[in-house]
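Chains A and B, in that order, are what the protein sequence lines are. Going by my numbering, the first sequence opens with residue 2, and the numbers climb by one from there. Going by my numbering, the second sequence opens with residue 2, and the numbers climb by one from there.
There are 2 protein chains.
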Amino acid sequence: MPTDPGPRRSDARRNRQSLLDAAASVFAQAGVEAPVREIAREAGVGAGTIYRHFPTRADLVVAVFEHQVDSLAAAGDEVVLGDWIQQFADFLVTKHGLADAMASDRAGFERLHTDFVVRLEPVCARLLDVEVSAGRMCSDVRPLDLMRAIGNLCIGAEGNGDYDAHRMIEALLTGLSTGTDDTRRGAVLRSR
Amino acid sequence: MPTDPGPRRSDARRNRQSLLDAAASVFAQAGVEAPVREIAREAGVGAGTIYRHFPTRADLVVAVFEHQVDSLAAAGDEVVLGDWIQQFADFLVTKHGLADAMASDRAGFERLHTDFVVRLEPVCARLLDVEVSAGRMCSDVRPLDLMRAIGNLCIGAEGNGDYDAHRMIEALLTGLSTGTDDTRRGAVLRSR
DNA sequence: ACACTATACGGAACAGCGTTCCGTTTACAA
DNA sequence: TTGTAAACGGAACGCTGTTCCGTATAGTGT
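Following this line, the structure appears as structure tokens:
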């Protein structure tokens, strides 16, 4: 399977790249919720041009973050689960409301979500398997659930320095690990 | 301090109640992101009427959920932390995307968030104190952080039955409890 | 009973969003 | 050079939350 040849005309290829650059810049500065028109203006093109290259706003977001997702997927070969999860969290928190955007607007950002899942779920699954096989983690945790939970815990961590997402992620992982007495699981701090 | 007398005219009082009823119904059926106009239509009033009673969309949401927040606050006197947290989660998940709405749109829903915090934070703080004093929970967890984390974990739990928010909450609480060997905390599943 | 006015009402109007449409321009091949 | 498929810009559409204002009315003083 050869690489996508992209648009046929040179101006189309140029504009596509301009849009990606502009979007990356605008997203970094104003968050992923930035208006489409602002990206178009930054790229020096009309609004219609965006939609010829990226059928929907979410497609543009996916395209912009795609290579970062790639490197996250690649990191799965080099680190263990706990570290990878924290990298995953870092990525979500840093990208200015990306976690928020993925949580809200689930209809619109389904493509983005799908893309993330398709690329990262296998990585997470493998790392999870390693831990389970080593007996360090209980076996009833599905990769998707874990990723969703981590993603959710990152929400709101970017604006206010008060909320420490990494701390909560640490706790979640601790709770899912097999270090605790299994008989207590499912009833921690509940009424006796 | 006497109770708020409310609007002066009878039709105003009637419409205010109609709006609350209509909003509760619409929110339950279509989620808290339902358009203002739909609520107005359901209540049989004009769009402008909403804004005379509730300066902004979020104020209406706050008003609708206020008494449910009350009962949640009251529940704090009867149950222990673990149970209360699960009730808190139930409330968020049931209310059709309430957790989502609070996470996204932080600017718009700040009032709602503030209201939740003001009413529920003391309750959570007290229950947390009980656990810490009993030595069942580590002492560096702030009520607000815990509530935010729980709220976040609930996101997306309403649509797909796949994701089990309660399971993840259980794990988080386990991770924050003092049952685990403290020397391991902060480095679970991390590279060695 | 009536008239007066503060209060409240309805819905048109505004601004901003994502997206679509279409007349115009342009890159490339013949 | 010329023909045309491809791509362009930006006005237009439908949706949102919110504001505005001319109209209607509930409650009061006479």
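We treat Cβ as the ideally placed atom computed from N, Cα and C, and that holds for glycine. The structure presented is a predicted model; accordingly, all values stated were derived computationally and were not measured.
Under 7 Å from the C-beta of D165 (chain B): neighbouring residues of chain A: Annotation: Cβ neighbours of D165 (chain B) in chain A (cutoff 7 Å, chain order): D146.
As assigned by DSSP and simplified to three states, the class of S140 (chain A): coil
Where the alpha helix (DSSP H) containing F92 (chain B) begins and where it ends: First-last of the alpha helix (DSSP H) with F92 (chain B): L82 to T95.
Test: R15 (chain B) CB closer than 8 Å to a CB of chain A: no
Where T115 (chain B) falls, given that 16 or more other Cβ within 10 Å makes a residue buried: exposed
D182 (chain A) (DSSP reduced to helix, strand or coil): For D182 (chain A), the predicted structure reports a pLDDT of 49, less than 50, and the residue's modelled location is therefore unreliable. A value from the coordinates is still provided. Note: D182 (chain A) maps to coil in three-state DSSP.
Cβ contact (3+ pairs, closer than 8 Å) linking the segment 171-180 of chain B and the segment 129-144 of chain B: yes
First through last residue of the alpha helix (DSSP H) which encompasses G176 (chain A): Annotation for G176 (chain A): the continuous alpha helix (DSSP H) segment containing it runs A166 to L177.
Local Cβ density within 10 Å of D68 (chain A), reported as buried at 16 or more and exposed below that: Inspection of the sequence shows that residue 68 (chain A) is occupied by His rather than by Asp. Exposed, because fewer than 16 other Cβ atoms sit within 10 Å of the Cβ of H68 (chain A).
Spatial neighbours of F28 (chain A) in its chain, beta-carbon cut-off 8 Å, leaving aside the 5 residues before and after: A35, V62, V65, K96 and H97
Contact under 8 Å by Cβ, V81 (chain B) with R53 (chain A): With contacts defined as CB atoms closer than 8 Å, V81 (chain B) and R53 (chain A) fail to qualify as a contacting pair.
Candidates B:L73, B:A44 and B:S11, of which the one nearest D22 (chain B) by Cα: The option with the nearest alpha carbon to D22 (chain B) is B:A44.
Rounded straight-line distance, which links the Cα of V37 (chain B) to that of L93 (chain A): 32 Å
CB contact below 8 Å: T175 (chain B) versus chain A: yes
Residues from the segment 68-99 of chain A in contact with chain B, defined by Cβ distance under 7 Å: V80, V81, L82, G83 and D84
Element boundaries [alpha helix (DSSP H), containing G157 (chain A)]: That residue, G157 (chain A), is in no alpha helix (DSSP H); it is neither H nor E in DSSP.
Close-in-space but distant-in-sequence residues of the same chain around L145 (chain A) (CB under 7 Å, 5 per side omitted): V118 and E122
Sequence-distant residues of the same chain with beta carbon closer than 7 Å to G83 (chain A), five excluded per side: L174
Anticipated Cβ contact below 8 Å, A1 (chain B) with Q87 (chain B), distance rounded: In the structure as shown, chain B begins at 2 and stops at 193. Residue 1 (chain B) is therefore absent and cannot be evaluated.
Assigned exposure category for E132 (chain A) - 16 Cβ within 10 Å defines buried: buried
Cut-off 7 Å between Cβ atoms - residues of its own chain near M169 (chain B), not counting five sequence neighbours on either side: L154
Cross-chain neighbours of A172 (chain B) in chain A, by beta carbon under 7 Å: Within chain A, the residues whose beta carbon sits less than 7 Å from that of A172 (chain B) are L173, G176 and L177, listed in sequence order.
Proximity test, Cβ basis, 8 Å: G157 (chain B) and chain A: yes
Candidates A:R9, A:R42, A:A13 and A:G7, of which the one nearest A24 (chain A) by Cα: The candidate whose alpha carbon is nearest that of A24 (chain A) is A:R42.
Cβ-Cβ distance between R14 (chain A) and G7 (chain A) below 8 Å: yes
Min CB distance L121 (chain A) to chain B below 8 Å: Chain B, which has no Cβ nearer than 8 Å to the Cβ of L121 (chain A), makes this no.
R15 (chain B), DSSP secondary structure in three states: helix
Given T179 (chain A) as reference, the closest of A:V142, A:H167 and A:D60 once Cα atoms are compared: A:V142
Reference D91 (chain A); option with closest CA among A:I151, A:Q30 and A:R10: A:I151
Length of the line joining the Cα atoms of S26 (chain B) and S72 (chain B): 19 Å
T184 (chain B) to V33 (chain B) span [Cα, whole Å]: The pLDDT assigned to T184 (chain B) is 45, lower than 50, so where the model puts this residue is not dependable; a value taken from the coordinates is nonetheless given after this. Spanning the two alpha carbons is a distance of roughly 44 Å.
Beta-carbon proximity list for A74 (chain B), same chain, < 7 Å, skipping 5 on both sides: R120, L121 and V124
Residue-level contact to chain B via CB, L154 (chain A), 8 Å cutoff: yes
Coarse secondary structure for M2 (chain A), derived from DSSP in three states: In this prediction, M2 (chain A) has a pLDDT of 42, which is less than 50 and means its spatial position is unreliable; nothing more can be read from the coordinates.
Selection from A:M148, A:T57, A:W85 and A:G157 that minimises the alpha carbon distance to Y164 (chain B): A:M148
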